[in-house]
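What follows is a single structure, written as structure tokens, with notes after it.
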Amino acid sequence: MTIWPESLAPWRNAAAEFATTRLHPFACGGESHNSPEMAGILRELADLGFHQLCAPEALDGLNQEVSTLAAVLESMAQTDCTTASMVYGTAAAWLAVTAAGAELPDTTAAESWLAWPAFHGVVEHSWPGLTKNRLTGQAPMVLGATHAPFAVIPARPLGSDKVTLALVNLSHKSVHVSGALRTHGLSAAGISDLSFKSARCVTLGEMTTEQYLAFEDTLTIAVAALYTGLMGGSLETAKTYATQRRQGGGPISGWGEVRRMLSEATRQYQSSVALLSAMLTAEAPGANCQHHLITISEAACALTSTGIQVLGGNGYTRDYGQEKRMRDARQLRAMPGGIIYRKSRLASNLYHPSEGVLS
Amino acid sequence: MNPTLSQYLPSGADQPLADWSAAFASEGQLPANVRGDVSKALGLARAFCQEVVTPLAVELDGRIQDSPELLPDEFIRTAAQWRLFSRWIPRMMGGEGWHLLSLYAFLEEVSSHCVGLANVIGVHYLGVATLTATWNLSLMSRVFADVRAGERKGEPCLVSLAITEPDAGTDVEETVLLDRATLGTHGQREPDGSYRLNGRKVFISNGHVSRWHMVICYQDRKKAADTMMVLAVHKHLPGFSLGAQEHKMGQRACVASELIFDDCRVPADCVAFDPEQTRGFSRSHHEIGQTIIDYVVSSTRAGVGAFAAGVAQGALRHALEYSHNHSHSHSGASKRLIDRQMVQTTLADMAANARQARQAWLESAFYNTGFGLFAKLSEPFSQQLERMAPGFFYRPVSGWVMRRSLSTNWIRKQLLDSYPEHCQHGSSGLASLAKFTCSDLAIENADKAMELMGADGLRHSQGVEKLLRDAKLLQIYEGTNQLNRINLLKCLLAGRSDAILFRQEYSA
Chain A
1 MTIWPESLAP
11 WRNAAAEFAT
21 TRLHPFACGG
31 ESHNSPEMAG
41 ILRELADLGF
51 HQLCAPEALD
61 GLNQEVSTLA
71 AVLESMAQTD
81 CTTASMVYGT
91 AAAWLAVTAA
101 GAELPDTTAA
111 ESWLAWPAFH
121 GVVEHSWPGL
131 TKNRLTGQAP
141 MVLGATHAPF
151 AVIPARPLGS
161 DKVTLALVNL
171 SHKSVHVSGA
181 LRTHGLSAAG
191 ISDLSFKSAR
201 CVTLGEMTTE
211 QYLAFEDTLT
221 IAVAALYTGL
231 MGGSLETAKT
241 YATQRRQGGG
251 PISGWGEVRR
261 MLSEATRQYQ
271 SSVALLSAML
281 TAEAPGANCQ
291 HHLITISEAA
301 CALTSTGIQV
311 LGGNGYTRDY
321 GQEKRMRDAR
331 QLRAMPGGII
341 YRKSRLASNL
351 YHPSEGVLS
Chain B
1001 MNPTLSQYLP
1011 SGADQPLADW
1021 SAAFASEGQL
1031 PANVRGDVSK
1041 ALGLARAFCQ
1051 EVVTPLAVEL
1061 DGRIQDSPEL
1071 LPDEFIRTAA
1081 QWRLFSRWIP
1091 RMMGGEGWHL
1101 LSLYAFLEEV
1111 SSHCVGLANV
1121 IGVHYLGVAT
1131 LTATWNLSLM
1141 SRVFADVRAG
1151 ERKGEPCLVS
1161 LAITEPDAGT
1171 DVEETVLLDR
1181 ATLGTHGQRE
1191 PDGSYRLNGR
1201 KVFISNGHVS
1211 RWHMVICYQD
1221 RKKAADTMMV
1231 LAVHKHLPGF
1241 SLGAQEHKMG
1251 QRACVASELI
1261 FDDCRVPADC
1271 VAFDPEQTRG
1281 FSRSHHEIGQ
1291 TIIDYVVSST
1301 RAGVGAFAAG
1311 VAQGALRHAL
1321 EYSHNHSHSH
1331 SGASKRLIDR
1341 QMVQTTLADM
1351 AANARQARQA
1361 WLESAFYNTG
1371 FGLFAKLSEP
1381 FSQQLERMAP
1391 GFFYRPVSGW
1401 VMRRSLSTNW
1411 IRKQLLDSYP
1421 EHCQHGSSGL
1431 ASLAKFTCSD
1441 LAIENADKAM
1451 ELMGADGLRH
1461 SQGVEKLLRD
1471 AKLLQIYEGT
1481 NQLNRINLLK
1491 CLLAGRSDAI
1501 LFRQEYSA
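Protein sequence lines, in the order shown, are assigned to chains A and B. Be aware that the first sequence starts at 1, since it is given in this note's numbering, and climbs by one per residue. Be aware that the second sequence starts at 1001, since it is given in this note's numbering, and climbs by one per residue.
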């Protein structure tokens, strides 16, 4: 089942080719953020322009919308979700800048990977305070912070309830970047805690909380694509293994229970792809995208667990990439923001859609 | 037909009561000391967790992630100082004779802090259970004395079970499938009764840290069920070597090893069980082999249930603590998670899951005590003898008795040749039920805890994501949950029906 318009085929093909040729060997064992392999992959991705996929044209970016990003992420995540998440992080930062209607004055940053706090929603966390272009506070679990020279951080200006996007140079001495955190999934994506002590920053425009929440809704499309890619990879690996592994005198694909598991996984995958299609074609992302993403994330968590189960003990080892997919699926569940946070937000919205915040 | 559990209970048992609850019906078989042993085991587990497991669990997991070849030697030495490798071995064989039901309680408690470390201890008793299930008293006496002596000298002696092979996993745990399995390990009998062992075993828990390996293998790979053997392989035996360690998703503290046998000569006195030893029995070697496997898996699958109940409990503990200490904030106002009804009902569901899991393994463990592997060890006479007889007199006498081949033959006639099929089915079916029910509930609770904790739950330092990684293996080892579901049907529901089991339904 394909949901992508023909115009996106070149993007998908480029991402798929990169994944097949470069990511496949890395996908099973890549757990270290500072390995030479990871550095090489990021360099090659940058050479191909993937880090500027959603950067504005004025800054030599490719100026693509979220649908193109989703197409690329899905192709890439089938093989390796960690690398795909790095592309997501930088693209999310650019999309935020665009949503805030800002212009980026620093062209050095425009050519770089950008770190982005992908795992906490805007009303879920107390973001750093902003006073006269100085940031103070914490930004937890920032994706790509050990790789990227700059980060885009949502901040709260003093005396305002708006959200301002702040561009921070991570090498500045008033910025503390923790070492790469040991996380459940996306282990090589260089996720770090940042703390700022009156750190100088460049402000990139501001949004009301409601505007920011609408932007988070847009990001759900990209996250959904990460999920469907991940699910497709897990399902294909399980189906192939089932034809090769013999138990009780024949391939396990001949066992009714294995067929049931694979069939159930196929249903979860196809339903998720259909939901992604609905998200891509919606006039405005809105709350429906949050509903769809929660359903997709539940399906992905179930499917990737089945993906291990079909392989039995082999699935539990690093060798086939299935255990990594299960961990990555749980890690994605906190994008954008924790699931309890997002469910609470949807419950708040039920009778008063304009609220859009936790009550 | 109307299948009921009672058809698998001994004829004297209260049939309606047994249909209602096998645990309740088995309660009358429990020796008086069980309650005291369970209470002691829980106290011991809590002290052990506080002092040893909790400070070590997450830190060791991280170290092994960075250095996958690292072995938990220091933990094993500490556990030996706490005498955790001999407490549940009968006194007559050198152990302390704590009732095996209390082992499950101990393992559940430790698992609620770290399944990997609990498994280091639990897997040792998997090896112990395998040797015990053969009822080779002489070899049991020798190996278990080694375990006790190892603890005394500070050189821990662990026992492992080696059954899984590179091309055979689920199918080696079910004799219906065994003859169709792609087996690679086999033993060739020599004139002096020894065996020349060749092949490989994989995913062997504790392989790199055990002194004795109970290796299940076959004389004829085409007639595996008719020629099944259990050989006790000492780690220093020529021809035996250790291969790779698996890089696993979780339970990292418990190493999964490859064992390699290259013309490994296993002496005759280390043959725990082979076809020669079942000559003259009324049941076939195949049937007795299935009994041994059922004895083992009936006790160990309930143990996996206890591990899983521990995970479910541990996840609840994490979630509860987090909910009390964290809030969602917005515009300066914040609300603790515990004050949200969505969170309150999630916690209630998790508490229910943890309790249900415990009930499931308890049902299986009670049945084992009354009618399974532990039944003989739980009889009032042997329990009294175990408890009351002075060690200086009892151990030499029991040792002399156990070394006689007549003793082994006598007990095998009682426990292997005459073991009622209904008991075998009852214990095996309930163990399968415990295994898949508890492990599914463990995954559910670990997942709920992570969901509730949001991004914080993804941090390794919080410990809750480790619970999920650890729990996933519980759905796989000791027979996948899929195999166990079919085994439940075979043992408890199919009865005398002509249901076709373990058959390929589709062509490849």
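Beta carbons: idealized from backbone N, C-alpha and C, even for Gly.
Look up residue i in the DSSP assignment and give the residues it is bridged to.
i	result
Glu-206(A)	Thr-164(A)
Ala-115(A)	Ala-151(A)
Ala-199(A)	Leu-135(A)
Tyr-946(B)	Coverage of chain B is limited to positions 1001 through 1508, which leaves residue 946(B) absent and any answer about it impossible.
His-1324(B)	Answer is none; His-1324(B) lacks a bridge partner.
Would you verify that the beta carbon of residue i is, or is not, closer than 8 Å to some beta carbon of chain B?
i	result
Phe-150(A)	no
Phe-18(A)	no
Gln-270(A)	no
Arg-325(A)	no
Leu-181(A)	yes
Gly-237(A)	The sequence given here has Thr at residue 237(A), not Gly. Taking Cβ atoms only, chain B never reaches closer than 8 Å to Thr-237(A), which makes this a no.
Phe-50(A)	no
Leu-358(A)	Interpretation of Leu-358(A) is limited by its pLDDT of 44, a score under 50 that renders its predicted location unreliable; the figure taken from the coordinates is listed afterwards. Leu-358(A) counts as touching chain B.
Phe-119(A)	yes
Thr-218(A)	no
Arg-131(A)	As written in the sequence, residue 131(A) is Thr, which differs from the Arg given in the question. Thr-131(A) does not count as touching chain B.
Glu-124(A)	yes
For residue i, I'd like the list of residues in its chain whose CB is within less than 7 Å of its CB, leaving aside the five on either flank, ordered along the chain.
i	result
Glu-1246(B)	Phe-1203 and Ala-1256
Thr-131(A)	Leu-158
Phe-1436(B)	Asn-1481, Asn-1484 and Arg-1485
Lys-239(A)	Leu-262
Residue i by DSSP, collapsed to three states: which one?
i	result
Pro-157(A)	strand
Trp-1400(B)	helix
Gln-1241(B)	Before going further, note that residue 1241(B) is Ser rather than Gln in the sequence given. Three-state DSSP puts Ser-1241(B) in a strand.
Asp-1263(B)	strand
Cys-81(A)	helix
Gln-1188(B)	strand
His-291(A)	helix
Ile-1216(B)	strand
Glu-1165(B)	strand
Ala-188(A)	coil
His-1208(B)	helix
Arg-1340(B)	coil
Asp-319(A)	helix
His-1234(B)	strand
Ser-1497(B)	coil
Ala-1256(B)	strand
Ser-1331(B)	Below a pLDDT of 50, predicted positions are generally treated as unreliable, and Ser-1331(B), at 46, falls in that range; the measurement from the model is reported next regardless. Three-state DSSP puts Ser-1331(B) in coil, outside helix and strand.
Under 6 Å Cβ to Cβ from residue i, same chain only, skipping five residues before and after it: list those, please.
i	result
Gly-1094(B)	Phe-1144, Ala-1145 and Arg-1148
Trp-127(A)	Pro-154, Ala-155 and Arg-156
Asp-1294(B)	Gln-1424 and Ser-1428
His-1318(B)	Ala-1449 and Val-1464
Using a C-beta cutoff of 8 Å, does residue i count as contacting chain A?
i	result
Asp-1482(B)	It is Gln, not Asp, that sits at residue 1482(B) in the sequence shown. Yes, contact with chain A.
Gln-1504(B)	yes
Ser-1507(B)	yes
Glu-1465(B)	yes
His-1186(B)	no
Leu-1452(B)	yes
Glu-1246(B)	yes
Gly-1495(B)	no
Asp-1498(B)	no
Phe-1371(B)	no
Below 8 Å CB to CB, which residues in the same chain sit around residue i once its five sequence neighbours on both sides are set aside?
i	result
Leu-230(A)	Ala-77, Gln-78, Cys-81, Ala-300, Thr-304, Arg-325, Asp-328, Ala-329 and Leu-332
Lys-343(A)	Ile-294
Could you tell me whether any non-hydrogen atom of the ligand MN is closer than 7 Å to the CB of residue i?
i	result
Ala-1224(B)	Of ligands this structure carries none, so the ligand MN is not represented either.
If contact is defined by three or more beta carbon pairs under 8 Å, each pair taking one atom from either stretch, is the region 324-333 of chain A in contact with the region 284-292 of chain A?
The region 284-292 of chain A is not in contact with the region 324-333 of chain A.
Does the pairing of the region 1300-1310 of chain B with the region 1116-1131 of chain B give three or more beta-carbon distances under 8 Å?
Yes, the region 1300-1310 of chain B is in contact with the region 1116-1131 of chain B.
Tell me whether the region 1473-1491 of chain B and the region 1431-1448 of chain B touch, counting them as touching only if at least three CB pairs, one residue from each stretch, are closer than 8 Å.
Yes, they touch.
Is the number of C-beta pairs between the region 1304-1318 of chain B and the region 1195-1213 of chain B that are closer than 8 Å three or more?
Output reads no: the region 1195-1213 of chain B does not touch the region 1304-1318 of chain B.
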